[in-house]
Amino acid sequence: MAHRFVFLLCCTPILYAQQSHQNQISGRVTDVSGGAVSGAEVRLYSRDSAFQRTSRSSSTGEYRFDGLPDGEFLVEARTSGLDQGSPEAITVKRGAQATLNLRLKVAALSTRVTVTSSATALSTAEVGKGTDILDMTDLGRRAEFSVTEALRTVPGVRVQQLGGPGSFTRILTRGLRATDTSILIDGMRLRDTAAVQGDATAYIGDLLLIDSDRIEVLRGSGSSVYGTHAMGGVVNVVTDAGGGPVRGEISGEGGGLGLGRGLAKMAGGAFDDRFQYSGGVTHLNVSGGAGGIENVRNWSGQGFAQYRFTPRAKLSARLWGTTAMVGLTTNPEATANVPATGTIPAIPYVTFIPNEFDPDSRRVGDLLSGMTTWTHQIAPKVTYRV
Numbered sequence: 001m002a003h004r005f006v007f008l009l010c011c012t013p014i015l016y017a018q019q020s021h022q023n024q025i026s027g028r029v030t031d032v033s034g035g036a037v038s039g040a041e042v043r044l045y046s047r048d049s050a051f052q053r054t055s056r057s058s059s060t061g062e063y064r065f066d067g068l069p070d071g072e073f074l075v076e077a078r079t080s081g082l083d084q085g086s087p088e089a090i091t092v093k094r095g096a097q098a099t100l101n102l103r104l105k106v107a108a109l110s111t112r113v114t115v116t117s118s119a120t121a122l123s124t125a126e127v128g129k130g131t132d133i134l135d136m137t138d139l140g141r142r143a144e145f146s147v148t149e150a151l152r153t154v155p156g157v158r159v160q161q162l163g164g165p166g167s168f169t170r171i172l173t174r175g176l177r178a179t180d181t182s183i184l185i186d187g188m189r190l191r192d193t194a195a196v197q198g199d200a201t202a203y204i205g206d207l208l209l210i211d212s213d214r215i216e217v218l219r220g221s222g223s224s225v226y227g228t229h230a231m232g233g234v235v236n237v238v239t240d241a242g243g244g245p246v247r248g249e250i251s252g253e254g255g256g257l258g259l260g261r262g263l264a265k266m267a268g269g270a271f272d273d274r275f276q277y278s279g280g281v282t283h284l285n286v287s288g289g290a291g292g293i294e295n296v297r298n299w300s301g302q303g304f305a306q307y308r309f310t311p312r313a314k315l316s317a318r319l320w321g322t323t324a325m326v327g328l329t330t331n332p333e334a335t336a337n338v339p340a341t342g343t344i345p346a347i348p349y350v351t352f353i354p355n356e357f358d359p360d361s362r363r364v365g366d367l368l369s370g371m372t373t374w375t376h377q378i379a380p381k382v383t384y385r386v
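Following my numbering, the numbering of the sequence shown begins with 1 at its first residue and continues without gaps.
Given below as structure tokens:
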């Protein structure tokens, strides 16, 4: 016990010294006329992708990030109607309080911060490969509810789906095989260990948009970073990192073919954003389908939590879980009284039996993917993760 007490006494000055040099970035968000923009979402990325923070501008347009490590950062801001032309780069040194004002304009063609192309934070203008970023704000306007539906508008990406929601789906990038597109969740590969090719095709149809912040699509060989299964491209689903004021959403929708969907999610921060969290659950129910026989049930949850012990060290965890059921149909087959020769007219239940829903046949898929990460920045350009 005495040794433990001495150890705590030795650590106290170190922690106090680290907390006494609080780096800070602050500024004001304005529009083209110089007026304050309130409620703008401001995001901060470290160049080594070790830290990401989210904040909201106040009623006077001011924002602030405290407790930052030394290094170079990218800052971007936007609202539902205003956007930033390009992310701003800024360098923070020990004990510095940097100021960076952001000016927004009417949303048009703009660059975004991506972490998939090189595993470090870069703006899309700095990336030499074809990269697309699907932001959840834009996907919300399109009322997309699944990852595969969101990818249909990406150039160079073909989505093959054999039926309605939850059915077998393949993603083909640049005309290559489905196994040549790597599926990632927060930069870590998602795959089916029981598959012959070791890909994630078996789970792609069940991936819904729950607590995602954006989807980054890299078109072109990413095998130098993500392995041989990324020859065609990479699809990275990035979880919302939370932070900032508490916010949430509860929504539901329904439509034809017996489709109904519900979503509940919440995100925020505590202890001056030393603790950041986000989480959500969704349920998809299809009771009819195009043929009136496609039954789909999907419960999915996604969450993220992070605690910063010091500006240089953090512990984070994320979790994605899905349980889905898809009703299967029988294959069409000829009846017993089909003549052996001649032209046979296609008459349902006379010359052939159409595909029908089989209550005893269904596909059940359960997915649980999690990751816990310890990140420590030793120097402004030296960071390790475990």
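The beta-carbon is built from N, C-alpha and C at its ideal position, and this holds for glycine as well.
Where residue i falls: helix, strand or coil (DSSP)
i: residue 203; result: helix
i: residue 427; result: Summary: the structure shown does not reach residue 427, with the chain confined to residues 1 through 386, and so no result is reported for it.
i: residue 348; result: strand
i: residue 217; result: strand
i: residue 382; result: strand
i: residue 305; result: strand
i: residue 8; result: Note that residue 8 scores a pLDDT of 33, beneath 50, so its modelled location is shaky; the value from the coordinates is reported in the next line. If DSSP states are grouped into helix, strand and coil, residue 8 belongs with the helices.
i: residue 340; result: coil
i: residue 230; result: helix
i: residue 159; result: strand
i: residue 178; result: helix
i: residue 102; result: strand
i: residue 150; result: helix
i: residue 76; result: strand
i: residue 334; result: strand
First and last residue of the uninterrupted alpha helix (DSSP H) at residue i
i: residue 208; result: Note, residue 208: premise wrong, no alpha helix (DSSP H); not H, not E.
i: residue 144; result: Careful: residue 144 lies outside any alpha helix (DSSP H) and carries neither H nor E.
Residue-chain proximity (residue i, chain D), Cβ-Cβ < 9 angstroms
i: residue 56; result: No chain D is part of this structure, which consists of one protein chain only.
Cut-off 6 angstroms between Cβ atoms - residues of its own chain near residue i, not counting five sequence neighbours on either side
i: residue 275; result: 307
i: residue 91; result: 72
i: residue 158; result: 172
i: residue 135; result: 214
i: residue 366; result: 323
i: residue 10; result: Because residue 10 carries a pLDDT of 38, less than 50, the predicted location of this residue cannot be relied on, and no value is offered for it.
i: residue 396; result: In the structure displayed, the chain extends from 1 to 386; residue 396 sits before or after that span and is not available.
i: residue 383; result: 48, 50, 377
i: residue 249; result: 265
i: residue 131; result: 114, 117, 124, 218
i: residue 155; result: none
i: residue 198; result: 191
Contacting residues, own chain, Cβ-Cβ under 7 angstroms from residue i (five flanking each side not counted)
i: residue 328; result: 358, 361, 362, 363
i: residue 338; result: 344, 351
i: residue 167; result: 161, 205, 326
i: residue 87; result: 74, 75, 76, 111, 113, 123
i: residue 61; result: 28, 29, 30, 36, 37, 38
i: residue 245; result: 56, 268
i: residue 254; result: 260
Proximity winner among the options, relative to residue i (alpha-carbon distances)
i: residue 95; options: 71, 79, 114, 111; result: 71
i: residue 331; options: 255, 352, 177; result: 352
i: residue 305; options: 69, 267, 281, 377; result: 267
i: residue 301; options: 85, 165, 368; result: 368
i: residue 34; options: 273, 45, 23, 102; result: 102
i: residue 311; options: 336, 340, 273, 370; result: 273
i: residue 271; options: 43, 65, 89; result: 65
i: residue 389; options: 42, 45, 98; result: Outside the displayed span of the chain (1 to 386) sits residue 389, for which this structure offers no information.
i: residue 381; options: 170, 93, 129; result: 93
i: residue 281; options: 145, 255, 224, 354; result: 145
Endpoints, the beta strand (DSSP E) within which residue i is located
i: residue 225; result: From DSSP, residue 225 is part of no beta strand (DSSP E) but of the alpha helix (DSSP H) over 223-226.
i: residue 195; result: Counting along the chain, residue 195 falls outside any beta strand (DSSP E), and DSSP gives it neither H nor E.
i: residue 249; result: 247-255
i: residue 314; result: 313-329
i: residue 93; result: Looking at the DSSP string, residue 93 is not in any beta strand (DSSP E), and its letter there is neither H nor E.
i: residue 275; result: 275-286
i: residue 129; result: Counting along the chain, residue 129 falls outside any beta strand (DSSP E), and DSSP gives it neither H nor E.
i: residue 260; result: 259-270
i: residue 30; result: 23-30
i: residue 190; result: Segment: none, residue 190 is in no beta strand (DSSP E) and carries neither H nor E.
i: residue 66; result: 62-68
Close beta carbons around residue i, own chain, < 8 angstroms, minus the five adjacent residues each side
i: residue 226; result: 182, 184, 189, 234
i: residue 82; result: 31, 37, 40, 104, 105, 106, 107
i: residue 14; result: Note that residue 14 scores 37 on pLDDT, short of 50, meaning its location in the model is unreliable; the coordinates nonetheless yield the value given after this. Here the set comprises nothing.
i: residue 247; result: 266, 267, 268
- [ ] May I ask you to verify whether the segment 19-34 touches the segment 55-68, counting CB pairs closer than 8 angstroms and requiring at least 3?
- [x] Touching, per the Cβ criterion.
- [ ] Decide if the segment 222-230 is in contact with the segment 319-335; the criterion is three or more beta carbon pairs, one per stretch, under 8 angstroms apart.
- [x] No, the segment 222-230 is not in contact with the segment 319-335.
Open item on the list: Tell me whether the segment 198-211 and the segment 141-160 touch, counting them as touching only if at least three CB pairs, one residue from each stretch, are closer than 8 angstroms.
Closed with: Contact between the segment 198-211 and the segment 141-160 is present, because at least three Cβ pairs lie under 8 angstroms.
Task: Touching by the beta-carbon criterion (3+ pairs, under 8 angstroms), the segment 260-271 and the segment 280-289 - done: Using a Cβ-Cβ distance cut-off of 8 angstroms, the segment 260-271 and the segment 280-289 are in contact, since at least three pairs of beta carbons, one from each stretch, lie closer than that value.
Open item on the list: Below 8 angstroms, how does it come out for the segment 244-259 and the segment 181-200: are there three or more Cβ pairs, yes or no?
Closed with: Not touching, per the Cβ criterion.
Task: the segment 170-190 contacting the segment 234-250, beta-carbon criterion three pairs below 8 angstroms - done: In this structure the segment 170-190 touches the segment 234-250; the number of beta carbon pairs closer than 8 angstroms is three or more.
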